[in-house]
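Numbering (the numbering used here), first residue to last: 36 to 415.
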């Protein structure tokens with residue numbers, strides 16, 4: 036008899052802590068299970084909210100709050116839902132008692148002000164957000180987990196048997212709780228856990244912590260470096276990025292065979308046309324192997340979504356991708372990612388949001404004394 040496969044695995048295997056301590060079904064679906072600062076781990080993991088979603092998913096039913104995944108799938112992209120089935124193919128939901136996949140965003144602490152980000156995910160964004168009246172509260176740092184030791188005491192049993200811990204931002208490599216957790220795992224000999232990072236990759240040392248020395252203790256680490264463009268374009272999109280530092284940090288990983296390094300661009304209006312250039316540059320510079328590419332297609336905010344691009348520009352992007360395919364040897368899996376970007380871009384058109392993109396870009400350019408037109412050429 037085949038194992039019963041639910042619509043999504045997340046409610047049986049995943050524990051995600053986000054803004055203000057809210058525990059949601061995942062990082063893209065606003066399906067709340069509780070708050071880690073107000074309830075203990077067991078109350079949330081066995082609570083009514085998560086059980087209700089499990090009962091729905093086990094019947095193969097969707098939830099309209101999962102729109103990010105099924106819209107991405109319908110448009111030709113690969114969703115987190117689909118990736119989760121691929122990563123955890125042996126899960127038996129009937130016997131799954133504890134989460135095996137953690138995503139803990141301890142705070143919004145970050146040292147970058149990326150164009151496609153916001154104050155909720157970056158403390159560095161605070162001053163710009165306040166100027167634009169888009170700040171969340173009156174403090175730059177938003178603490179998601181109030182008491183690290185209490186969180187560990189409640190979730191420790193589950194953490195020690197986890198298969199993967201995913202660290203994202205804020206920026207994990209400048210977040211002290213991330214290093215405290217690594218030390219805790221090492222002390223408890225739980226170094227077989229797979230560590231996975233979404234990081235701007237600008238810092239390998241923080242305070243007295245040295246990420247490379249800590250990583251030496253772990254057997255499997257995946258670095259997804261959030262790099263959206265080569266040189267000036269990358270630095271424009273991810274404000275505070277220094278391209279030369281990124282290249283130097285990449286060289287420092289060479290001694291650790293346990294680390295798999297990938298380039299993981301966020302695909303937006305700013306960089307979809309330049310994606311082939313980014314990929315080929317990273318291959319030529321030996322920053323990655325041909326298959327070490329992972330894309331994140333931006334869904335929100337809508338005005339940065341590639342669907343807002345004018346039709347004639349979309350046509351140019353498609354033609355340039357086809358030319359790139361014709362003149363370069365690209366692994367099938369990577370070529371499929373490029374095709375997913377095109378399919379997603381062409382699935383719909385949001386002309387009104389293009390005007391908002393132009394307005395938002397001008398506002399931020401004025402605030403930061405930058406000029407997008409000096410970096411790339413976009414339609415008027």
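Ideal Cβ placement from N, Cα and C applies to all residues, glycine included.
In this text, all values refer to a predicted model and were calculated from it rather than measured experimentally.
Across the structure, residue 234 and residue 144 are spaced so that their CA atoms are roughly 12 Å apart. According to the DSSP assignment, residue 284 belongs to the alpha helix (DSSP H) that extends over 278-287.
At a Cβ-Cβ threshold of 8 Å, residue 236 and residue 284 count as neighbours. Distance from the CA atom of residue 288 to the CA atom of residue 101, rounded to whole angstroms, is 37 Å. For residue 57, DSSP records a beta bridge to 70.
The region 83-99 and the region 39-57 touch, with three or more beta-carbon pairs separated by less than 8 Å. In this structure, residue 48 sits near residue 135, with a CB-CB distance shorter than 8 Å. For residue 363 and residue 263, the gap between their C-alpha atoms comes out near 20 Å. Comparing alpha carbon positions, the residue from 268, 248, 398, 406 closest to residue 166 is 398.
Per DSSP, residue 232 lies in no alpha helix (DSSP H) segment; the continuous beta strand (DSSP E) that holds it begins and ends at 229-234. Where residue 398 is concerned, there is no enclosing beta strand (DSSP E), although the alpha helix (DSSP H) around it starts and stops at 386-403. Under the 10 Å beta carbon count, residue 194 is surrounded by 16 or more other beta carbons and is classified as buried. Annotated three-state conformation of residue 295 is strand, per DSSP.
DSSP, read as helix, strand or coil, puts residue 83 in helix.
Per the coordinates, the alpha-carbon of residue 312 lies some 15 Å from the alpha-carbon of residue 376.
By the neighbour-count definition (other C-beta atoms within 10 Å, threshold 16), residue 290 is an exposed residue. Rounded to whole angstroms, residue 295 and residue 387 show a C-alpha spacing of 41 Å.
Bridge partners of residue 51 according to DSSP: 59, 138.
The Cβ atoms of residue 348 and residue 414 sit closer than 8 Å to each other. Under DSSP, residue 245 takes part in a beta bridge, and its partners are 240.
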